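Protein chains in written order, with our numbering: chain P, 3 to 207; chain Z, 147 to 444. Here's the structure, in structure tokens; my notes come after.
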């Protein structure tokens, strides 16, 4: 990937790199380090570095530490930090943007569970244009191999059976299930958008 | 009263046999009683939900919602797009606002949309069904069809995150929104005050970080019980699924004894409007809401 290119283009200035390539990254310099985001996050105790710290680390040029961090992947998308930030930084989107940037550069932690599941989810929805809940659940359980998958599926068996009984999980979805008619068009559209984004953000150069 | 028409974006979980199949059945009854006509957007697609960012990034994620907005404008010109799912609503509204603010993003979006034979030419307003109820129908008209007040039932109104933040319902506070409690009282039940009304259920991290999410869920259920609630009421499909489904997991791991039904506001309205348990989708609960079923059967 383009890690070396990116670093040279921004002359080692990570803040400039984030401003140019990360979704809503131009807001990072507005952070005044009050810490309300850190105190508002439901998963706060599990972040190695809170958003407040991440912002300061970006400004201090800690590129590797930020992009290799597990922290941004703790975001549940609850938007507490956004509505409470006194400077109105779109913190949730910046964390999403940083996570995606680290993922696309291949720097995000391997086997990070939310990273893995986010990829499975996206691949699932792009296939037919709509999420197939059954195939997504199975892909999730079996992502660490067959043995682990059987174990995970058995652990959640009661829940699965309960959902089927309540007609909220259809076993026939395994055969295809709900789909958009123009799934080809959707796939081409997403591929084009990705091509534009890659060009803009310097991925895959 | 003339029927009010909206372009309808049901979202993946509201499809037949999907995880919110019960929810959508009750929405149908509410619409019928309140003269709301939801016109399903032909060939709508997934919004990317809250973890779409991981692989989808910015533009690929935004174009998913842009396609739905373009289909709305093409098929139902002049109608607002309405979602019953907070994630669908959030993604659609965020996309509409971002494309309104950036001519460059709009141009890039249209370049991608062309691949699907579409173009976003006019702006579409993306709204939540709760906004339609409160702003277009109004409290008085919503209360009128109540024939079976749910008297004596104590409920914890659980608003959660994405119906409430970052956009929320106009005029409501992020920290203590009142509309869900007001809906509970409108159908004749009692809304108990409790401290986890807008706590996050863990969202999509219920899959990837089950222990961390289940701590959130435990806090919500425990607080509802401590404050005397017999059931939890929510406007969100993921809140409903997470808070209902994982109670049995928490019981297994932490020796609790949770068994609190988690229902949608529209299921309450359906029963109060005289609908059957089946019409209200109450047969779709993992934890049966027996007291509501009883009232529906009377």
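Glycine included, C-beta positions come from ideal geometry on N, C-alpha and C. Since this is a predicted model, take the numbers as computed values, not measurements.
Check                                                                                                                                                                                          : Outcome
Could one say the Cβ of residue 413 of chain Z lies closer than 7 angstroms to chain P's Cβ atoms, at least one of them?                                                                       : no
In angstroms, rounded to a whole number, what distance separates the CA positions of residue 3 of chain P and residue 204 of chain P?                                                          : Note that residue 3 of chain P has pLDDT 47, beneath the 50 cutoff, so the model's placement of it is unreliable and the number below is only indicative. Cα to Cα, residue 3 of chain P sits roughly 9 angstroms from residue 204 of chain P.
Starting from residue 409 of chain Z, trace the beta strand (DSSP E) in both directions and tell me its first and last residue.                                                                : 408 to 410
Return the residues of the stretch 251 to 272 of chain Z that lie within a Cβ-Cβ distance of less than 9 angstroms from chain P, sorted by chain order.                                        : 254, 255, 257, 258, 259, 260, 261, 262, 263 and 264
How should residue 230 of chain Z be labelled, buried or exposed, when 16 other C-beta atoms within 10 angstroms of its C-beta is the threshold for buried?                                    : buried
DSSP three-state call for residue 185 of chain Z: helix, strand or coil?                                                                                                                       : strand
At which residue ranges does the stretch 373 to 442 of chain Z contain complete beta strand (DSSP E) runs of 3 or more residues, listed in the order of the chain?                             : 377 to 380 and 408 to 410
For residue 387 of chain Z and residue 378 of chain Z, which I take to be in contact (beta-carbon distance under 8 angstroms), what is that distance rounded to the nearest angstrom?          : Contact doesn't hold; Cβ gap of about 12 angstroms is too wide.
Counting contacts by CB-CB distance shorter than 7 angstroms, is residue 93 of chain P in contact with chain Z?                                                                                : no
Of all the CB atoms in chain P, is at least one closer than 7 angstroms to the CB of residue 353 of chain Z?                                                                                   : yes
Can you tell me the Cα-Cα spacing of residue 385 of chain Z and residue 182 of chain P, whole angstroms?                                                                                       : 26 angstroms
Taking all protein chains shown into account, do 16 or more other C-beta atoms lie within 10 angstroms of the C-beta of residue 167 of chain Z, making it buried, or fewer, making it exposed? : buried
For a contact meaning CB atoms closer than 7 angstroms, what does residue 391 of chain Z contact in chain P?                                                                                   : 161
Note down, in chain order, all residues in the stretch 180 to 201 of chain P with a beta-carbon under 7 angstroms from any beta-carbon belonging to chain Z.                                   : 180, 182, 183, 184, 187, 188, 190, 191, 192, 194, 195, 196, 198 and 199
Would you please verify whether the beta carbon of residue 172 of chain Z is less than 7 angstroms from any beta carbon of chain P?                                                            : no
When you compare the CB positions of residue 115 of chain P and residue 354 of chain Z, do they come within less than 7 angstroms of one another, or not?                                      : yes
By DSSP, does residue 278 of chain Z sit in helix, in strand, or in coil?                                                                                                                      : helix
Could you tell me whether the Cβ atoms of residue 120 of chain P and residue 204 of chain Z are closer together than 7 angstroms?                                                              : no
Could you work out which residues of chain P lie near residue 196 of chain Z, taking near to mean beta carbons separated by less than 7 angstroms?                                             : 79
Which residues of chain Z have a Cβ atom closer than 9 angstroms to the Cβ of residue 119 of chain P, listed in chain order?                                                                   : 197, 200, 350, 351, 353 and 354
Out of P/180, P/31, P/158 and P/170, which one is the CA nearest neighbour of residue 89 of chain P?                                                                                           : P/31
Could you please give the first and the last residue of the uninterrupted alpha helix (DSSP H) stretch that includes residue 30 of chain P?                                                    : Element bounds for residue 30 of chain P: n/a, residue is neither H nor E.
Taking the straight line between their C-alpha atoms, what separation do you get for residue 134 of chain P and residue 410 of chain Z?                                                        : 23 angstroms
Whole angstroms are fine: how far does the CA of residue 258 of chain Z sit from the CA of residue 27 of chain P?                                                                              : 23 angstroms
Could you check whether the Cβ of residue 67 of chain P sits closer than 7 angstroms to any Cβ belonging to chain Z?                                                                           : no
Measure from the C-beta of residue 475 of chain Z to each C-beta in chain P and report whether the shortest distance is under 7 angstroms.                                                     : Residue 475 of chain Z lies beyond the stretch modelled for chain Z, which goes from 147 to 444, so this question has no answer here.
For residue 202 of chain P, name the three-state secondary structure that DSSP assigns.                                                                                                        : helix
If you follow the alpha helix (DSSP H) that residue 172 of chain Z is part of, which residue opens it and which one closes it?                                                                 : 167 to 179
Can the beta-carbon of residue 172 of chain Z be found closer than 7 angstroms to that of residue 193 of chain Z?                                                                              : no
By the 7 angstroms beta-carbon criterion, what residues does the stretch 127 to 161 of chain P contribute toward chain Z?                                                                      : 127, 131, 132, 133, 135, 142, 160 and 161
Note down, in chain order, each residue of its chain lying with its Cβ closer than 6 angstroms to the Cβ of residue 149 of chain Z, except the 5 sequence neighbours on either side.           : 181 and 183
Any beta carbon of chain Z sitting closer than 7 angstroms to that of residue 164 of chain P?                                                                                                  : yes
Go ahead and label residue 293 of chain Z buried or exposed: buried means 16 or more other beta carbons lie within 10 angstroms of its beta carbon, across all protein chains shown.           : exposed
At 7 angstroms on the CB atoms, spell out the chain Z contacts of residue 172 of chain P, in chain order.                                                                                      : 163
In chain order, which continuous runs of the beta strand (DSSP E) of length 3 or greater are located wholly inside the stretch 207 to 269 of chain Z?                                          : 227 to 229
Please report the straight-line C-alpha distance between residue 239 of chain Z and residue 154 of chain Z, rounded to a whole angstrom.                                                       : 14 angstroms
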